[in-house]
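Comments concern the structure below.
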Amino acid sequence: MIAVTILNRLIMAAVTLFGVALIVFVLLRVVPGDPIAMMISPGATPADIAAMRAHYGLDASLPVQFGLWLKAVAVGDFGTSISLKRDVLGLLGDRLPATLELAFAALVLAVLVGGIVAIVGTLVRRTVLEPIIDSLNGLFLAVPDFVWALALVLVLGVAFPLFPLSGRIDPGIETEFHTPFYLIESLVTLHFAIFADVAAHMVMPVLALGLPLAAIVARVLKATLSEAMLQDYILLARLKGMSNLRLVLQEALRNAVGPTIALTGVQFTFLIGGTVIVERIFAYPGIGNMAIDAVINRDLPLIQGLVLVFGLLFIVINLLVDALVAAFNPRLAHG
Amino acid sequence: MAEITATHAPVTPSRGSRRWRALLREPKVLMGGGFILLLIVLAVFAPFIAPKDPLEQDLMSGTLPPSWMDGGDQNFLLGTDDLGRDVLSRMIFGTRIALTVAFVAASLSALIGTLLGLFAGWYGGWADRIISRLVDIWMAFPPVLLSILLVAVFGSGVHSVIAAIVIIDWTRFCRVVRSETQAQAQMDYVTAARTIGFSKLHILFSEILPNVAPVLIALVSLEMGIAVIVEAILSFVGLSVSSDTPTWGGMIAEGRQIIHDGWWVLVAPLAALFATVLAFNQLGDGLRRALDPVMRR
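Keeping their order, the protein sequence lines are chains A and B.
For the first sequence, the positions run 20 to 354 when our numbering is used.
For the second sequence, the positions run 360 to 656 when our numbering is used.
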């Protein structure tokens with residue numbers, strides 16, 4: 020049964036990815052503005068233009084172009100970026116790790132902050148502190164990453180310039196990275212000064228991305244915890260003399276984790292979407308920032324590759340979340 | 360049939376007025392709604408309220424700080440940008456684009472999403488499968504990237520921004536309305552309506568839709584907040600309306616450029632954006648509390 024369910028999920032995922040690819044492909048071909056016209060030199064003859072068009076595969080009919088592109092993608096060939104004149108897969112390989120480091124740091128922040136707020140909120144239920152925590156949480160729920168990012172620019176970048184405003188690493192630092200995972204590499208190779216600099220560059224974007232998610236985690240977890248605290252088994256444990264904190268951490272939390280993971284996973288995919296604009300604001304060299312430039316430059320192969328990567332991330336995260344939820348819910352696993 | 364209408368007809372007017380009273384008792388509705396009303400007044404009467412022409416450049420008084428600060432000019436309450444344009448006036452005129460996009464885009468996405476959600480949830484079968492799959496595919500796109508892509512396809516301008524938001528955000532309504540419709544379809548009143556012999560379409564629009572409406576109305580208010588943000592993001596990236604029209608997002612982009620010389624150019628529109636999004640959220644939250652009979656208890 021489980022194998023069938025997994026197979027079913029994978030087929031659905033493939034259909035979704037195909038749909039994403041098809042929509043983007045068709046959408047891009049109706050874009051007004053010829054990418055070739057943007058890159059030719061003024062003296063080019065019509066023959067030169069036609070040759071260039073053929074070089075980028077833009078001279079065939081739409082279905083043929085789509086078929087060729089799919090076939091190439093299947094073997095890992097995403098084509099050549101028109102604006103950056105580089106192999107798309109190589110560009111993605113360079114930029115995706117920057118975005119992944121950002122997104123996962125934001126996820127960790129969100130789970131930690133959200134978890135702590137939820138536990139504290141559950142402990143102070145029916146006291147004067149509860150409405151204060153709830154309204155603060157409501158504020159973070161309502162205001163999106165774009166606004167937080169700019170507010171952080173003003174507060175931590177200009178009023179109290181504690182953290183760098185843009186980029187991923189201080190251009191003055193001379194070092195050679197062997198992998199595109201700067202944060203992890205500098206930590207593993209014990210270059211703490213470099214690690215500190217890379218981390219400082221991530222503080223503001225991570226806060227902007229992570230705080231709205233933290234608010235969501237806090238609300239869902241607090242709601243499920245509060246509900247769990249009313250159950251009979253909690254009453255029993257309380258009668259046995261367990262402290263409130265231990266009740267929440269040992270008993271209630273275990274049963275509240277499942278729904279929180281499910282929702283956090285879905286929201287994490289939104290967070291990855293949010294990297295597009297947050298990376299732009301902080302001039303952070305990830306795939307989001309590159310995507311905006313790619314659209315502005317009408318760089319068709321690059322946009323296609325980027326959208327496919329975003330779609331793939333979305334699907335992989337959803338599959339992982341389903342697996343995690345099943346792992347945390349014994350009823351689902353046996354069903 | 361006649362008896363049925365006779366039994367529930369007298370209840371309707373009192374239920375309606377009770378809802379109104381519940382609405383006006385909800386502080387979130389009053390605060391959020393009040394702020395939105397203020398914005399509407401600012402947008403409609405912008406030429407009479409704004410102290411200056413929002414487009415008038417005065418290079419002699421460029422990047423002036425707010426009037427209460429050192430070097431501020433009494434004529435420019437919130438200061439000027441690098442081209443010497445009055446920040447306050449541009450902010451007031453910015454409400455026009457923000458509200459236009461909010462109202463039009465949210466209503467259209469609600470209309471399309473609700474219709475598809477109602478059909479998917481009520482008729483099920485292949486209609487449901489196709490619509491749900493479409494929603495899944497849509498969710499796999501990062502919304503900001505898709506909106507930038509769509510505006511690039513349509514060409515910049517307020518119509519493109521609205522179209523992009525509708526194309527992306529109908530799924531929000533579709534998902535919620537679909538699951539609400541499925542839940543309502545299980546209710547006794549629906550079975551009753553079927554037994555009486557109402558047609559499926561009639562039950563959907565005159566029995567189920569009114570019960571889905573409270574959630575829907577709250578969602579429209581939230582969507583207006585989202586639309587304001589999306590417009591600001593697109594203006595920020597430089598893909599929304601032309602730079603002749605003042606927008607909050609455009610001001611934010613200018614402010615980000617000259618952040619070290621004139622932070623106030625960024626603060627003013629950001630504060631407006633913050634307050635507007637919060638107001639739409641409070642209004643939506645309050646509406647949901649006031650209209651939803653279960654939440655009201």
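For glycine and all other residues, C-beta sits at the position ideal for the given N, C-alpha and C.
As the structure is a computational prediction, the values presented were derived from the model and not from experiment.
Determine the closest residue to residue i out of the options, with distance taken between C-alpha atoms.
i: A:L160; options: A:G229, A:I315, A:G176; result: A:G229
i: A:V143; options: A:I315, A:T288, A:N263; result: A:N263
i: A:T194; options: A:L148, A:H210, A:A32; result: A:H210
i: B:I524; options: B:S466, B:T422, B:Q543; result: B:S466
i: B:G597; options: A:N316, A:L206, A:V267; result: A:N316
i: A:P278; options: A:S102, A:I235, A:V239; result: A:V239
i: B:I611; options: A:W167, A:R28, A:F289; result: A:W167
i: A:Q250; options: A:A234, A:A129, A:V267, A:I30; result: A:V267
i: B:M583; options: B:A464, B:I451, B:W379, B:A402; result: B:A464
i: B:N499; options: A:G330, A:V225, A:L339; result: At residue 499 of chain B the sequence reads Ala, which differs from the Asn that was named. When only C-alpha atoms are compared, the closest one is A:G330.
i: A:L171; options: A:A310, A:D312, A:I300; result: A:I300
i: B:P502; options: A:A310, A:L338, A:P320, A:L321; result: A:A310
i: B:I507; options: A:V43, A:T35, A:M71, A:L87; result: A:V43
i: A:E270; options: A:L244, A:I291, A:L206, A:V285; result: A:L244
i: B:F435; options: B:D429, B:D445, B:M428; result: B:D445
i: B:A469; options: B:I576, B:E613, B:T604; result: B:I576
i: B:V626; options: B:V536, B:R455, B:M450; result: B:M450
i: A:I135; options: A:L321, A:G292, A:F289, A:I235; result: A:I235
i: B:Q543; options: B:A522, B:N570, B:R534; result: B:N570
i: A:I336; options: A:E298, A:V147, A:I280; result: A:I280
i: A:R114; options: A:G176, A:I152, A:H74, A:T198; result: A:T198
i: B:A572; options: B:T530, B:P406, B:A591, B:A649; result: B:A649
How would you call residue i, buried or exposed, if buried means at least 16 neighbouring beta carbons within 10 angstroms?
i: A:I25; result: exposed
i: B:P369; result: Model confidence at B:P369 stands at a pLDDT of 46, short of 50, so the residue's coordinates are unreliable and nothing is read from them.
i: B:P413; result: buried
i: A:F333; result: buried
i: B:I489; result: exposed
i: A:A233; result: buried
i: A:K241; result: buried
i: B:L646; result: buried
i: A:T283; result: buried
i: B:R615; result: buried
i: B:A361; result: Confidence at B:A361 is low in this model, with a pLDDT of 46, below 50, so its placement is unreliable and the value that follows should be read with caution. By the 10 Å Cβ count, B:A361 comes out exposed.
i: B:W607; result: buried
i: B:S519; result: buried
i: B:S448; result: buried
i: A:A352; result: Model confidence at A:A352 stands at a pLDDT of 49, short of 50, so the residue's coordinates are unreliable; what they give is reported in the following sentence. Classification for A:A352: exposed.
i: B:F452; result: buried
i: A:A275; result: buried
i: A:F37; result: exposed
i: A:V207; result: exposed
i: A:L319; result: buried
i: B:I363; result: Summary for B:I363: the model assigns pLDDT 48, below 50, so the residue's position carries little reliability, and this model does not support an answer.
Please tell me whether, using a cut-off of 8 Å, the distance from the CB of residue i to the nearest non-hydrogen atom of the ligand GDP is below it.
i: B:P502; result: In the structure on display, the ligand GDP does not appear, and there are no ligands present to speak of.
For residue i, which residues in chain C fall below 9 Å Cβ to Cβ?
i: B:I399; result: No chain C appears in the structure shown, which is made up of the protein chains A and B.
Positions along the stretch 164-184 of chain A whose CB lies within less than 9 Å of some CB in chain B = F165, V166, L169, A170, V172, L173, G176, V177, A178, L184
Name the residues in the stretch 610-640 of chain B whose C-beta lies less than 8 Å from a C-beta of chain A; which are they?
-> I611, R615, I618, H619, W622, L625, V626, L629, L632, F633, V636, L637, N640
Contact between the stretch 633-652 of chain B and the stretch 392-409 of chain B (3+ Cβ pairs under 8 Å) = yes
Counting only runs of 4+ residues fully inside the stretch 381-458 of chain B, write out the alpha helix (DSSP H) ranges in chain order.
-> 386-403, 405-408
Residues in the stretch 315-348 of chain A having any Cβ partner in chain B nearer than 8 Å = I315, R317, I322, L325, V326, F329, G330, F333, I334
Complete runs of the alpha helix (DSSP H) confined to the stretch 152-212 of chain A [at least 4 residues] | 164-171, 201-207
Note down, one range per segment and in chain order, each beta strand (DSSP E) of at least 3 residues found wholly within the stretch 533-558 of chain B.
-> none
Hey, is the stretch 612-627 of chain B in contact with the stretch 374-391 of chain B, meaning 3+ C-beta pairs nearer than 8 Å?
-> no
What residues from the stretch 498-512 of chain B come within 9 Å of chain A, judged by C-beta to C-beta, listed N to C?
-> M498, A499, F500, P501, P502, V503, L504, L505, I507, L508, L509, V510, A511, V512
Residues from the stretch 303-314 of chain A in contact with chain B, defined by Cβ distance under 7 Å | A310, I311, V314
At least 3 beta-carbon pairs within less than 8 Å: the stretch 600-615 of chain B vs the stretch 550-563 of chain B | no
Whole alpha helix (DSSP H) elements within the stretch 570-619 of chain B, 4-residue minimum | 607-616
Is there contact here, the stretch 563-570 of chain B with the stretch 476-496 of chain B, by at least three beta-carbon pairs under 8 Å?
-> yes
When you check each C-beta in the stretch 593-607 of chain B against every C-beta of chain A, which residues fall closer than 9 Å?
-> F595, V596, G597, L598
For the stretch 282-294 of chain A, which residues have a CB atom closer than 9 Å to at least one CB atom of chain B, in sequence order?
-> V285, T288, F289, I291, G292, G293, T294
Between the stretch 188-205 of chain A and the stretch 216-226 of chain A, do three or more beta carbon pairs fall short of 8 Å?
-> yes
The stretch 478-495 of chain B: which residues have C-beta closer than 9 Å to a C-beta of chain A, in chain order?
-> R492, L493, D495
Could you pull out every unbroken beta strand (DSSP E) segment of at least 3 residues lying fully inside the stretch 99-159 of chain A, listed in chain order?
-> none
Do the stretch 113-123 of chain A and the stretch 286-296 of chain A touch if we need at least three Cβ pairs shorter than 8 Å?
-> yes
Interface residues of the stretch 518-535 of chain B facing chain A [CB-CB below 9 Å] | none
The stretch 432-462 of chain B: positions lying closer than 9 Å to chain A by Cβ = none
Near-chain A residues of the stretch 569-590 of chain B - C-beta to any C-beta below 7 Å | I588
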